[in-house]
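Participant:
Number of protein chains: 2
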Amino acid sequence: VTVWLNGALVAADAARIEPADRGLLLGDGLFETLLCRDGRPLHASRHLARLRDGASQLAIPLPWDDDTLTAAMTAVLAAHREPASLRMTLTRGPAGRGLDLPTQPRPTLLITASPPAAPPRAPLRLCIARSTRRNEHSPLSRLKTLNYLDGILARREAVLRGAHDALLLNTRGALAEATAATLFVRRDGVWCTPPLADGALPGIRRALLVAHAGAVERTLTVDDLARAQGVFLANSLGLRAVAAIDDKACSALEGGLLDRLASSTDRRG
Amino acid sequence: VTVWLNGALVAADAARIEPADRGLLLGDGLFETLLCRDGRPLHASRHLARLRDGASQLAIPLPWDDDTLTAAMTAVLAAHREPASLRMTLTRGPAGRGLDLPTQPRPTLLITASPPAAPPRAPLRLCIARSTRRNEHSPLSRLKTLNYLDGILARREAVLRGAHDALLLNTRGALAEATAATLFVRRDGVWCTPPLADGALPGIRRALLVAHAGAVERTLTVDDLARAQGVFLANSLGLRAVAAIDDKACSALEGGLLDRLASSTDRRG
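If you read the sequences in order, they're chains A and B.
Residues in the first sequence are numbered from 1307 upward in steps of one, following our numbering.
Residues in the second sequence are numbered from 1307 upward in steps of one, following our numbering.
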């Protein structure tokens, strides 16, 4: 297994993250997950733009240009037999203790590939998370940061309750998103998804479904789920139908719909 | 510089965190910061108890007993000329991609020492953070996790606004704490501190000040700051007087008060 770390391709078991890295010590960083096809990452320019925007908001330097990063991703993919996804992780790098930003940051950038997951399973059973809520008051709800523990807690709750995944409410009680995917709910014949102000991450797939598949942003509540004409989750890796939420069945989706939405958004530039 | 990593003392520049560590990739872990005196960490048993409690809540294994961890801390301290503080960092360790808990976790435990910081400066100037809020709806607000980006954002805002540190409001607009310290406000002749339900971390120093110095838990608002008879911040490393908040001066503290509170709580078992 080969990874790209700060400019060099290295064997994963030789790649070393320093114990003083603020990504490890403080969750001080960002990441992107990219779907790959035929040795190429999809929507690389959109992912790189989001990473750059997040780095700018957090004042983390990103001293590699897009050509370098694209070549790095291609090289990591070429070193794997059957890569299915790539992850780019950017941290503020090693520094002394405390929260103040280092005056001479040495950011860490790590690119890794993952093999395909198990083939898509049956439609998902979801629960509404009781253990935690998404904080729509924090700009972090709109950035793909390394601070993922609320999602981990909600996913764990889902598994303990016999579900595959959980939907998170925001602090006002509106729906925000699933632990690692955007929520789409069919209401009045329109696919609706929570607005960013409700705590939704600005997902790449989400943006494509809004721009090219007629989805609209709308505040959604648990009551909307009961009356929905269909529910699915979407992230960069794919779309998944939802069969039930808190043990109440959801309306079945039209056959082939998700495949069509997935391939049409995969193909978009 | 020597660190303790998963059972062994190693040179910091040889210590290797794996790129697949969930502490790095997802902020999936906890930490403790301990003040040290005469080669010994203060309140080690309280810090270890809090670490164990947090690990239990997050279902992260902690397969070292207190004697082993105490000996590890002593060994790290002995390897340093003038250690001022210790940090213990526990993560869920390396795993494959995704949020689901690994079935065979290999947790990472890292113990590092830091030299003394610059000597205590003048009383602090604080601001009320506008950039983010603390999420009192999440159990993470009551755990010392690696998800520290809200605090980093608020600290950065403070520095940009000419302050030393920021106070964070919770999502309801009550005061929660500073970026890395508990808030104490003198009202009606009593030292008050926000309750855990308002988003305050259950700090070790905080508990000692409540148990042994007459401080009480009380919901505090920005209005309370204007009428306060004194304000200070406290964490395991020490107590700091607050001179001004959002450019409004705070009442001066009685001379020697913080030194007395610090030494009396440092000494407690």
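Cβ atoms here follow ideal geometry from the backbone N, Cα and C, with glycine treated the same way.
For the segment 1379-1391 of chain B against the segment 1475-1489 of chain B, do three or more pairs of beta-carbon atoms, one drawn from each stretch, fall closer than 8 Å, so that the two count as touching?
Facilitator: As far as the Cβ criterion goes, the segment 1379-1391 of chain B does not touch the segment 1475-1489 of chain B, which means the pair count is below three.
Participant: Would the segment 1544-1552 of chain B count as touching the segment 1516-1524 of chain B if we require 3 or more Cβ pairs under 8 Å?
Facilitator: Because the criterion of three Cβ pairs below 8 Å is not met, the segment 1544-1552 of chain B and the segment 1516-1524 of chain B do not touch.
Participant: Kindly indicate if chain B contains any beta-carbon less than 8 Å away from that of Gly-1509 of chain A.
Facilitator: Chain B, which has no Cβ nearer than 8 Å to the Cβ of Gly-1509 of chain A, makes this no.
Participant: Cβ atoms of Leu-1336 of chain A and Lys-1450 of chain A: under 8 Å apart, would you say?
Facilitator: Yes, they are a contact pair.
Participant: Checking 8 Å against the spacing of the C-beta atoms, do Asn-1312 of chain B and Arg-1439 of chain A come in under that value?
Facilitator: Contact flag unset, no.
Participant: At what residues does the beta strand (DSSP E) containing Ser-1420 of chain B begin and finish?
Facilitator: 1414-1420 is the extent of the beta strand (DSSP E) around Ser-1420 of chain B.
Participant: Once DSSP output is grouped into helix, strand and coil, what is the label at Ser-1569 of chain A?
Facilitator: Three-state result, Ser-1569 of chain A: helix.
Participant: I'd like to check one pair, Glu-1483 of chain A with Ala-1472 of chain A: are the Cβ atoms closer than 8 Å?
Facilitator: For Ala-1472 of chain A and Glu-1483 of chain A, no; Cβs fall outside 8 Å.
Participant: Along the segment 1353-1374 of chain A, what residues have a CB closer than 7 Å to any CB found in chain B?
Facilitator: Cβ contacts with chain B come from Ala-1365.
Participant: Please state whether DSSP places Ser-1391 of chain B in a helix, a strand or coil.
Facilitator: In this structure, Ser-1391 of chain B counts as strand in the three-state DSSP scheme.
Participant: Between the beta-carbon of Ala-1486 of chain B and the beta-carbon of Leu-1564 of chain A, is there less than 8 Å?
Facilitator: Not in contact: Ala-1486 of chain B and Leu-1564 of chain A (Cβ atoms no closer than 8 Å).
Participant: Please list, in chain order, the chain B residues whose beta carbon lies closer than 9 Å to that of Asp-1504 of chain A.
Facilitator: None at all; the shortest Cβ gap to chain B is about 13 Å.
Participant: Identify each residue in the segment 1425-1455 of chain B for which the Cβ-Cβ distance to at least one residue of chain A is less than 7 Å, and report them in chain order.
Facilitator: Here the close residues are Ser-1437, Thr-1438, Arg-1439, Asn-1441, His-1443, Ser-1444, Pro-1445, Leu-1446, Thr-1451, Leu-1452, Asn-1453, Tyr-1454, Leu-1455.
Participant: Within this structure, are the beta carbons of Thr-1488 of chain B and Ala-1506 of chain B separated by less than 8 Å?
Facilitator: Closer than 8 Å, so yes.
Participant: Where DSSP assigns a beta bridge to Pro-1325 of chain B, which residues make up the other side?
Facilitator: None; Pro-1325 of chain B has no bridge partner.
Participant: Flag Cys-1433 of chain A as yes when its Cβ comes closer than 7 Å to any non-hydrogen atom of the ligand HEM, and as no otherwise.
Facilitator: Although the ligand HEM was asked about, the structure shown includes no ligands whatsoever.
Participant: Checking contacts by CB at 8 Å: is Arg-1467 of chain A closer than that to chain B?
Facilitator: No - not a single Cβ of chain B is within 8 Å of the one on Arg-1467 of chain A.
Participant: Tell me whether the beta-carbon of Phe-1490 of chain A lies closer than 8 Å to the beta-carbon of Val-1537 of chain A.
Facilitator: Against a cut-off of 8 Å, the Cβ pair of Val-1537 of chain A and Phe-1490 of chain A comes out as a contact.
Participant: Quick one: which unbroken beta strand (DSSP E) runs of 3-plus residues sit fully inside the segment 1499-1542 of chain B? Chain order, please.
Facilitator: Those beta strand (DSSP E) runs which fall completely within the segment 1499-1542 of chain B and span 3+ residues are 1537-1541.
Participant: Ala-1378 of chain A by DSSP, collapsed to three states: which one?
Facilitator: Correct three-state label for Ala-1378 of chain A: helix.
Participant: CB Arg-1322 of chain B to CB Arg-1403 of chain A, shorter than 8 Å?
Facilitator: Contact flag unset, no.
Participant: Less than 8 Å between the C-beta atoms of Pro-1422 of chain A and Glu-1388 of chain A, yes or no?
Facilitator: It is a contact, given that the beta carbons lie within the stated cut-off.
Participant: Can you check whether the C-beta of Thr-1477 of chain B is within less than 8 Å of a C-beta belonging to chain A?
Facilitator: Closer than 8 Å: yes.
Participant: If you draw a straight line from the alpha carbon of Arg-1393 of chain A to that of Ile-1417 of chain A, how long is it in whole angstroms?
Facilitator: Near 6 Å, if we compare the C-alpha coordinates of Ile-1417 of chain A and Arg-1393 of chain A.
Participant: Rounded to the nearest angstrom, how far is the Cβ of Leu-1375 of chain A from that of Ser-1542 of chain A, given a contact under 8 Å?
Facilitator: Actually they do not touch by this definition, with Cβ atoms about 16 Å apart.
Participant: If the criterion is Cβ atoms closer than 8 Å, does the pair Leu-1396 of chain B and Leu-1368 of chain B meet it?
Facilitator: Yes. Within cutoff.
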